[in-house]
Each structure stands twice: as C-alpha cells, then as structure tokens.
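Asks: Questions regarding the structure given below will be posed in turn.
2 protein chains.
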Amino acid sequence: MPSLPLKNDRFIRALFRKPVDCTPVWMMRQAGRYLPEYRKVREQAGDFMSLCKNPELACEVTLQPLRRYEFDAAILFSDILTIPDAMGLGLYFTPGEGPRFEHPITSKADIDKLSIPDPLHDIAYVPDAVTTIKRELNQSVPLIGFSGSPWTLATYMVEGGSSKTFSKIKGLLYEDPNTLHALLDKLAQSVIQYLNAQIHAGVDCVMLFDTWGGVLSTPAYAAFSLAYMEKIISGLDLNYEDRNIPTIVFTKNGGLWLEKIAAIGCTGVGLDWTIDIDIARARIGDKVALQGNMDPCVLYSSEESIRSEVKRILNSYGEGSGHVFNLGHGIHPEISPDHVACFVDAVHELSQH
Amino acid sequence: MPSLPLKNDRFIRALFRKPVDCTPVWMMRQAGRYLPEYRKVREQAGDFMSLCKNPELACEVTLQPLRRYEFDAAILFSDILTIPDAMGLGLYFTPGEGPRFEHPITSKADIDKLSIPDPLHDIAYVPDAVTTIKRELNQSVPLIGFSGSPWTLATYMVEGGSSKTFSKIKGLLYEDPNTLHALLDKLAQSVIQYLNAQIHAGVDCVMLFDTWGGVLSTPAYAAFSLAYMEKIISGLDLNYEDRNIPTIVFTKNGGLWLEKIAAIGCTGVGLDWTIDIDIARARIGDKVALQGNMDPCVLYSSEESIRSEVKRILNSYGEGSGHVFNLGHGIHPEISPDHVACFVDAVHELSQH
Numbered sequence: 002m003p004s005l006p007l008k009n010d011r012f013i014r015a016l017f018r019k020p021v022d023c024t025p026v027w028m029m030r031q032a033g034r035y036l037p038e039y040r041k042v043r044e045q046a047g048d049f050m051s052l053c054k055n056p057e058l059a060c061e062v063t064l065q066p067l068r069r070y071e072f073d074a075a076i077l078f079s080d081i082l083t084i085p086d087a088m089g090l091g092l093y094f095t096p097g098e099g100p101r102f103e104h105p106i107t108s109k110a111d112i113d114k115l116s117i118p119d120p121l122h123d124i125a126y127v128p129d130a131v132t133t134i135k136r137e138l139n140q141s142v143p144l145i146g147f148s149g150s151p152w153t154l155a156t157y158m159v160e161g162g163s164s165k166t167f168s169k170i171k172g173l174l175y176e177d178p179n180t181l182h183a184l185l186d187k188l189a190q191s192v193i194q195y196l197n198a199q200i201h202a203g204v205d206c207v208m209l210f211d212t213w214g215g216v217l218s219t220p221a222y223a224a225f226s227l228a229y230m231e232k233i234i235s236g237l238d239l240n241y242e243d244r245n246i247p248t249i250v251f252t253k254n255g256g257l258w259l260e261k262i263a264a265i266g267c268t269g270v271g272l273d274w275t276i277d278i279d280i281a282r283a284r285i286g287d288k289v290a291l292q293g294n295m296d297p298c299v300l301y302s303s304e305e306s307i308r309s310e311v312k313r314i315l316n317s318y319g320e321g322s323g324h325v326f327n328l329g330h331g332i333h334p335e336i337s338p339d340h341v342a343c344f345v346d347a348v349h350e351l352s353q354h
Numbered sequence: 002m003p004s005l006p007l008k009n010d011r012f013i014r015a016l017f018r019k020p021v022d023c024t025p026v027w028m029m030r031q032a033g034r035y036l037p038e039y040r041k042v043r044e045q046a047g048d049f050m051s052l053c054k055n056p057e058l059a060c061e062v063t064l065q066p067l068r069r070y071e072f073d074a075a076i077l078f079s080d081i082l083t084i085p086d087a088m089g090l091g092l093y094f095t096p097g098e099g100p101r102f103e104h105p106i107t108s109k110a111d112i113d114k115l116s117i118p119d120p121l122h123d124i125a126y127v128p129d130a131v132t133t134i135k136r137e138l139n140q141s142v143p144l145i146g147f148s149g150s151p152w153t154l155a156t157y158m159v160e161g162g163s164s165k166t167f168s169k170i171k172g173l174l175y176e177d178p179n180t181l182h183a184l185l186d187k188l189a190q191s192v193i194q195y196l197n198a199q200i201h202a203g204v205d206c207v208m209l210f211d212t213w214g215g216v217l218s219t220p221a222y223a224a225f226s227l228a229y230m231e232k233i234i235s236g237l238d239l240n241y242e243d244r245n246i247p248t249i250v251f252t253k254n255g256g257l258w259l260e261k262i263a264a265i266g267c268t269g270v271g272l273d274w275t276i277d278i279d280i281a282r283a284r285i286g287d288k289v290a291l292q293g294n295m296d297p298c299v300l301y302s303s304e305e306s307i308r309s310e311v312k313r314i315l316n317s318y319g320e321g322s323g324h325v326f327n328l329g330h331g332i333h334p335e336i337s338p339d340h341v342a343c344f345v346d347a348v349h350e351l352s353q354h
C-alpha cells in the first residue's frame with residue numbers, strides 16, 4: 002500500500018543530502034530509561050524482552066520521546082539480539098551485566114544446527130510493532146528500523162554475553178576463520194530477511210549497529226564485519242513499493258575505516274564522538290551523509306555547555322545538507338530529560354539554513 | 002654512576018631508528034598471571050599492591066619472563082595507580098572489578114587538598130625496585146620504567162575505579178574544565194617527579210600508558226590528555242648522566258591522532274591492533290619509532306596462526322629499523338606460556354635483517 006508523504010521528511014532529505022531547513026536530530030536509545038514514562042511501562046511489562054515482544058507496549062515507548070521532543074525520526078523500540086534469541090540461544094538479561102545467552106555457541110556443530118529465523122513467524126513481534134508504530138505515527142516523522150551487524154551478534158553468541166576481551170570469538174577468528182565465516186554468513190542471511198520484513202512492514206530507513214566492529218584489527222574488520230554488512234546492504238529491498246529507503250551503517254570506534262564503510266553502498270555513515278566531523282566530511286562526505294557525533298556525556302553538563310558543544314559540531318560539519326545530528330552512542334539512563342530538550346532545541350535553532 | 006653498555010641494546014637502537022640485527026620484542030604485562038611462577042609469588046605476597054610494594058618480589062616477577070623468553074627489554078613490575086595511591090586515595094583491588102579507590106575525588110576541594118607525592122619518600126618502593134632490578138639485570142637488557150598518563154590516572158580518581166561510560170569525569174570535563182585542568186596539572190607534575198626518580202634510579206626508557214585517552218573526542222583528547230603528556234616529556238631528565246633516554250607514548254584507541262602524538266617530542270609511539278602498522282608508518286614513521294601491534298587474542302590460536310600473524314605485521318612494517326614488536330595491549334592471563342615462546346621466537350626469526 003503506497004503511503005502518504007511524510008509530514009516531516011528532514012531526516013530522509015538530509016540522508017540523501019538534499020536541502021533542509023535545519024539539521025534533523027534524533028538520539029540513539031531515545032526511547033529509554035532516562036524517561037520516567039519509559040520506566041513506568043518497563044515496570045508494567047516485567048522484563049526487558051517482554052517489553053520488546055509486546056507490539057503495543059513497544060509502540061508506546063517508541064512514541065514517548067516524540068511527545069516530549071521535536072525529534073525528526075522515531076526508532077523502533079527493540080533489542081539488537083532478537084535474531085540469536087529467535088535462533089534458540091535463550092536471551093536473558095542480568096542486572097548490571099547486560100545480555101546473556103543460555104546456550105552460547107561453543108562448536109562448529111552448534112553453528113551447523115542454527116537455522117535462519119523466519120521473521121514473520123519467529124520474530125513476528127517486530128514487524129507487528131513496526132505496523133503498529135507506523136499507524137500511530139501517521140506519517141508525522143519517519144520510522145527507523147534496525148539490526149545488529151553479523152559480527153556484533155556473533156560476539157554475544159560466542160562469548161555468551163558482553164565481553165571486555167572478546168577472547169573466545171577472536172580465538173575462533175584466528176584459529177578457525179572458516180567456522181566463524183559460516184556463522185557470519187547465516188547471520189547475514191538472517192539480517193537480510195529480518196530487515197526486509199521491517200521494510201515490508203513500513204520502516205522508512207534501516208540502520209546497522211556494528212557496536213563491536215571497532216575491537217578488530219583493520220584486516221579482520223574488513224573480512225569479518227564490513228564484508229557482511231556490504232552483503233546485507235545489497236540484499237535489502239530498498240526500492241520496495243517504489244520507495245527509496247536509505248541505510249545507515251554505524252561501527253563504533255570505526256573512525257579509521259570511514260572510507261571503507263562509505264564504499265559499501267550505504268546512504269549514511271554513523272560516527273562516534275572520537276572523530277572530528279569536519280575530518281569525516283573531508284574524507285567521505287562527498288559519498289554519503291554523516292550521522293552524529295556528540296559525546297553522550299556532554300548531556301551531563303549545563304545547558305550552556307550543551308549548546309556550545311552542539312554549535313561546535315554544527316560549525317565543524319559546516320554548510321550544506323548531509324548531516325543528521327545524533328549522539329555518538331546511546332543516551333545514558335541518568336541524563337536529565339530537561340537536558341535532552343535543550344539538546345534537541347539547540348540543534349534546530351543553531352542550524353537554521 | 003655511569004653504567005656499562007647494555008649487552009642487548011636492540012630495543013634502544015630500534016627506538017632511535019638505528020640499524021638492528023632483528024626486530025626487538027617485549028610484551029605489555031609480560032610479568033603477569035599467564036606465568037605459573039608469577040602466580041606463586043603473587044600468592045606469597047598476598048594482595049597485588051603488597052607485591053608492587055616489595056622491591057625484592059617486584060624484582061623477582063620482573064625477571065621471570067626473561068628467564069623463559071628472549072625478550073629484548075624488561076619492564077618494571079608495578080601498577081599505573083601508584084601516584085593516586087601515594088596521594089592518599091586508598092587504592093585497593095576487588096576480584097573481577099579491578100582497581101578501586103576508597104576516597105575518590107568528588108569536589109574541587111578534594112583536588113585542592115591533593116599534594117604532589119615525593120617519589121623518594123612516598124613511593125620509595127618504586128625507585129628501590131628499579132635499583133634492585135637494574136642490579137640483577139646486570140645490563141643484559143634495558144629496563145623500561147612507566148607511569149599512567151594524567152588523564153588515565155584522573156579517570157580512576159574521579160570515577161572511583163574502572164568505568165564503562167566515564168560519566169563522572171566527562172561531566173566534569175564539559176561542565177567545569179578548569180577544575181579538571183587543576184587536577185591534571187597536579188598529576189602531570191607528579192608524573193614528572195615520579196618518572197625522573199625512575200630515571201635517576203636507572204631505567205633505560207620510560208613509557209606513558211594512556212589507557213583511556215581513546216574515550217575522548219578529538220579536541221578533548223588534545224586538551225585533556227595529550228597536552229599533559231607533552232608537558233611531562235619536556236619535564237623529564239632524558240639526558241641524565243649523559244645518557245639518552247627514549248620515551249614511548251601509548252594511547253589505546255589513539256589511531257586517529259597519531260600525527261599529534263608523534264609531535265609531542267616522544268621517541269616512539271605505541272600502537273594498538275586496530276591500526277595497520279604500514280599506515281601508521283606512512284603517517285608518522287619518519288618522525289618516531291613504532292611499537293606494536295599484534296592483537297593479544299592472536300595468542301589464543303595455534304602456533305601456525307601466531308607465526309602467520311607475526312609475519313603479516315613484520316611485512317606490513319617493512320624494511321628498516323624503527324619497529325619494536327609488541328602486543329597492542331597487555332597479554333591476557335589465560336594465554337599458554339608455550340604460545341608466548343612461539344610468539345617471541347617468531348619475531349626474532351622472521352625479522353632477520
């Protein structure tokens with residue numbers, strides 16, 4: 002069903018580097034614990050995955066930040082580990098330790114046994130949430146769908162959870178690269194189907210979160226993370242129903258590899274705060290849009306400091322479209338909601354074109 | 002007292018980019034838990050700081066890896082947090098959580114109260130250990146002294162221990178930069194005196210570990226980490242007793258800033274494994290030596306894989322001196338001592354000039 006045009010398409014226009022009236026802004030984890038209304042729904046839902054798996058509640062928390070702030074995009078409320086959970090690894094969360102798997106991958110046989118989830122059946126709550134959110138948004142702003150990158154998903158699946166050293170998956174990478182490639186290939190196929198289901202359900206943009214690509218050496222990043230993201234981009238239905246759906250690739254700590262990331266066919270590249278956005282623009286800004294890149298910790302400081310840092314980054318990017326303002330990582334749970342208001346308003350006010 | 006020449010000066014020669022017969026190698030944390038003989042001494046000493054504070058035992062564990070392997074340098078066994086401990090913050094270690102401080106910095110008043118430790122009085126165990134180790138080494142290989150960078154020390158002092166988000170110190174950085182500068186300035190003065198005491202006691206090289214510089218934005222890194230390392234380098238007695246003492250600066254995740262690091266007057270720049278050493282050499286190798294940069298996780302894999310990765314990095318650096326082989330971070334405790342032997346031998350064998 003062809004949809005009505007978006008009422009606010011600043012985010013989409015900036016990604017395609019078309020003129021905008023001011024710089025669009027959204028925040029990674031904008032639906033999250035810094036909002037009291039989120040914490041209330043989260044409590045009601047029980048645990049985190051129950052919230053993700055309930056399309057009505059996922060819709061509610063997706064919309065919450067848009068009621069408070071003039072964000073130029075909504076992002077599907079979900080987790081990056083829905084695919085391995087659907088593969089049967091048994092995702093659960095422990096307070097303070099983050100995500101864990103009951104059945105981590107420990108052998109080649111474990112990988113051979115994995116089947117590619119059917120998103121409409123095994124992860125139906127995600128396309129259902131997309132449909133619900135799109136209906137409620139009523140074309141006010143675009144909706145971003147997303148997935149974890151194959152490498153990032155694989156780190157959790159092999160380590161069994163978060164890791165500081167990534168010793169298990171890197172041991173596998175150096176010792177038996179073919180086995181790791183078999184896992185990454187299944188994950189890439191799964192991500193393609195998963196993101197296409199989100200596209201078919203109505204998302205206006207898709208983003209790949211490569212949270213842990215930055216822990217790899219340069220050749221390992223190219224072979225074990227970037228190659229699979231490239232495969233995904235080329236497998237997506239980006240012209241579904243004659244729409245033109247932009248893609249964003251974000252590798253945290255990927256500043257050394259921007260040229261390589263910009264070359265895989267994505268529309269925009271996400272930047273963390275360690276790279277200067279003017280340098281990033283000089284390196285790749287003629288090929289892609291840039292998304293970022295304020296240190297989330299700036300939001301701990303005064304409104305004056307927040308405005309000053311927003312201004313510095315806007316000036317650093319410079320004239321012309323092609324910039325989606327964002328934090329360089331998800332917002333921290335302790336941030337004051339008032340500081341977020343200051344941040345969003347500063348981006349819009351200080352970037353009037 | 003002028004000392005006899007070093008029997009093996011490959012490490013020093015490579016730092017000054019003078020010809021060497023093969024590439025020198027040592028390992029960050031080479032005196033550490035992967036060695037059973039270390040674990041025995043550690044048990045005997047009680048807790049970790051009791052080991053650091055006992056010059057005879059610190060000497061013993063410093064020498065242990067040199068008895069097993071053909072390392073081209075020894076590194077003083079100590080902790081990076083000796084200075085804040087001597088300032089009265091009460092360093093202690095909790096299993097699995099790393100270093101903690103009983104009295105973290107929580108106000109400007111806390112910073113005003115800090116006094117600069119006299120290394121010969123308040124941290125005497127460190128120069129004492131240096132004297133002891135130098136005597137026992139008997140000029141066989143050079144001894145590296147070290148300190149944490151002011152920014153890295155400050156992160157632990159303000160956060161109270163390790164951190165994932167660095168929210169407290171970055172809140173301070175953005176909200177009240179002058180107060181943070183006051184702390185960093187005291188730390189820089191302390192590090193100068195501390196490293197000079199190590200130089201006077203006999204170390205042949207000094208290294209600054211900037212473990213957490215890489216969590217900063219580019220302008221914040223320049224102002225809050227690099228500027229203080231530059232101040233330290235220019236305050237060191239590098240020509241003490243007519244010796245010519247090289248310096249190494251290592252910012253983990255500092256690959257974006259190599260040109261800036263190479264310009265602060267250091268002899269060598271440490272590289273983690275995320276940057277290709279050929280690219281690093283093209284960017285700064287005409288100004289400084291390079292130290293690094295194998296992913297420590299390679300040591301989990303087979304001897305064949307270890308040799309192949311050593312070869313790749315040696316070839317990537319290319320012909321000529323100026324390379325000190327090392328890991329891109331400290332060795333992990335679970336690594337097999339046999340794999341370390343394979344690693345050290347591979348560097349020497351595969352780099353015959």
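Protein chains in written order, with my numbering: chain A, 2 to 354; chain B, 2 to 354. Note that beta-carbon positions come from the ideal geometry of N, C-alpha and C, so glycine has one too.
Exposed or buried, which one is leucine 5 of chain B when buried takes at least 16 other CB atoms within 10 Å?
Replies: Flag for leucine 5 of chain B reads exposed.
Asks: Please report whether the beta-carbon of cysteine 298 of chain B lies at a distance below 8 angstroms from any beta-carbon of chain A.
Replies: Cysteine 298 of chain B counts as touching chain A.
Asks: Give the straight-line distance between the Cα atoms of proline 20 of chain A and alanine 264 of chain B, rounded to the nearest whole angstrom.
Replies: Looking at the two C-alpha atoms, the distance is approximately 40 angstroms.
Asks: Which chain A residues are close to glycine 1 of chain B, counting only those with a beta carbon under 7 angstroms from its beta carbon?
Replies: Because chain B is modelled from 2 through 354, residue 1 of chain B falls outside the range shown and cannot be assessed.
Asks: From the DSSP output, read off the bridge partner residues of methionine 50 of chain A.
Replies: None, per the DSSP bridge assignment.
Asks: Are the stretch 154 to 165 of chain B and the stretch 94 to 102 of chain B in contact at 8 angstroms, needing three or more beta carbon pairs?
Replies: Short answer: they touch.
Asks: Using a Cβ-Cβ distance under 8 angstroms, would leucine 257 of chain B count as near chain A?
Replies: True, the Cβ-Cβ gap to chain A drops below 8 angstroms.
Asks: Rounded to whole angstroms, what is the Cα-Cα separation between leucine 351 of chain A and lysine 312 of chain A?
Replies: Computed Cα separation, rounded: 7 angstroms.
Asks: Tell me the DSSP secondary structure of glutamine 199 of chain A in three-state form.
Replies: Three-state result, glutamine 199 of chain A: helix.
Asks: Counting only beta-carbon atoms, is isoleucine 124 of chain A nearer than 8 angstroms to chain B?
Replies: Answer no: the Cβ-Cβ gap between isoleucine 124 of chain A and chain B never drops below 8 angstroms.
Asks: Rounded to whole angstroms, what is the Cα-Cα separation between valine 142 of chain A and threonine 132 of chain A?
Replies: So the two alpha carbons sit approximately 14 angstroms from each other.
Asks: Which of helix, strand or coil does DSSP assign to threonine 180 of chain A?
Replies: Helix.
Asks: Between leucine 138 of chain B and tyrosine 126 of chain B, what straight-line distance do the alpha-carbon atoms span, to the nearest angstrom?
Replies: Computed Cα separation, rounded: 18 angstroms.
Asks: Tell me which residues share the same chain as glutamate 260 of chain A and place their Cβ nearer than 8 angstroms to its Cβ, disregarding the 5 neighbours each side in the sequence.
Replies: Contacts found: Arg284 and Ile285.
Asks: Out of B:His182, B:Ser235 and B:Gly321, point me to the one whose CA is closest to aspartate 279 of chain B's CA.
Replies: Looking at the Cα atoms, B:Gly321 is the closest of the given residues.
Asks: Measuring CB atoms only, is the stretch 266 to 279 of chain A touching the stretch 213 to 224 of chain B, in the sense that at least three cross pairs come out at less than 8 angstroms?
Replies: Touching, yes.
Asks: Going by the CB atoms, is the gap between threonine 63 of chain B and leucine 77 of chain B shorter than 8 angstroms?
Replies: Yes, they are a contact pair.
Asks: If we ignore side chains and look at the alpha-carbon of each, how far apart do glycine 214 of chain B and serine 226 of chain B end up?
Replies: So the two alpha carbons sit approximately 6 angstroms from each other.
Asks: Leaving out five residues before and five after aspartate 346 of chain B in sequence, what residues of the same chain have Cβ atoms less than 6 angstroms from its Cβ?
Replies: Cβ neighbours of aspartate 346 of chain B beyond the five flanking positions: none.
Asks: Return the residue from the list B:Ala281, B:Asn294, B:His340 and B:Ile234 that minimises the CA-CA distance to glutamate 304 of chain B.
Replies: Of B:Ala281, B:Asn294, B:His340 and B:Ile234, the residue nearest in Cα terms is B:His340.
Asks: Would you mind working out which of B:Thr107, B:Leu82, B:Leu121 and B:Lys114 sits nearest proline 151 of chain B, comparing C-alpha positions?
Replies: Nearest of B:Thr107, B:Leu82, B:Leu121 and B:Lys114 to proline 151 of chain B, Cα basis: B:Leu82.
Asks: Give a yes or no on contact between the stretch 236 to 243 of chain A and the stretch 291 to 309 of chain B, applying the rule of three or more CB pairs nearer than 8 angstroms.
Replies: Result no; under three Cβ-Cβ pairs closer than 8 angstroms.
Asks: Pairs of beta-carbons, one from the stretch 105 to 125 of chain B and one from the stretch 181 to 201 of chain B, closer than 8 angstroms: are there three or more?
Replies: Yes, the stretch 105 to 125 of chain B is in contact with the stretch 181 to 201 of chain B.
Asks: Is there a C-beta anywhere in chain A that falls below 8 angstroms from the one on asparagine 254 of chain B?
Replies: Cβ-Cβ to chain A under 8 angstroms: yes for asparagine 254 of chain B.
Asks: Which partner residues of asparagine 294 of chain A appear in the DSSP bridge assignment?
Replies: A:Asn327.
Asks: Quick one: Cα of alanine 66 of chain B to Cα of aspartate 205 of chain A, how far?
Replies: For clarity, residue 66 of chain B is proline in the given sequence; the question names alanine instead. Their Cα atoms are separated by approximately 58 angstroms.
Asks: Please confirm whether tyrosine 35 of chain A and serine 168 of chain B have their CB atoms less than 8 angstroms apart.
Replies: No, Cβ-Cβ distance for tyrosine 35 of chain A and serine 168 of chain B is not below 8 angstroms.
Asks: For lysine 8 of chain B, collect the residues of the same chain with a Cβ closer than 6 angstroms to its Cβ; drop the 5 residues on either side in sequence, then sort them by chain order.
Replies: Correct list, in chain order: Gln140 and Ser141.
Asks: What three-state label does DSSP hand arginine 282 of chain B in the structure shown?
Replies: In this structure, arginine 282 of chain B counts as helix in the three-state DSSP scheme.
Asks: Expressed to the nearest angstrom, what Euclidean distance is found between the alpha-carbon atoms of leucine 58 of chain A and proline 37 of chain A?
Replies: Computed Cα separation, rounded: 15 angstroms.
Asks: Among A:Val325, A:Asp22 and A:Leu92, whose alpha-carbon lies nearest the alpha-carbon of isoleucine 145 of chain A?
Replies: Selected option, being the one with the closest Cα: A:Val325.
Asks: Could you spell out where the alpha helix (DSSP H) holding isoleucine 13 of chain B opens and where it closes?
Replies: Element bounds for isoleucine 13 of chain B: 11 to 16.
Asks: Under 8 angstroms by Cβ, that's how I've got alanine 189 of chain A and tyrosine 229 of chain A pegged, so tell me the actual separation to the nearest angstrom.
Replies: Going by Cβ atoms, the distance from alanine 189 of chain A to tyrosine 229 of chain A rounds to 4 angstroms, so yes, they are a contact pair.
Asks: With distances taken Cα to Cα, identify the nearest neighbour of alanine 130 of chain A among A:Asp80, A:Arg308 and A:Leu174.
Replies: Selected option, being the one with the closest Cα: A:Asp80.
Asks: When the Cα atoms are used, what is the spatial distance from serine 306 of chain A to cysteine 298 of chain A?
Replies: Rounded to whole angstroms, serine 306 of chain A to cysteine 298 of chain A spans 11 angstroms at the Cα level.
Asks: Determine, using beta carbons only, whether glycine 266 of chain B and methionine 29 of chain B come nearer to each other than 8 angstroms.
Replies: Contact: no.
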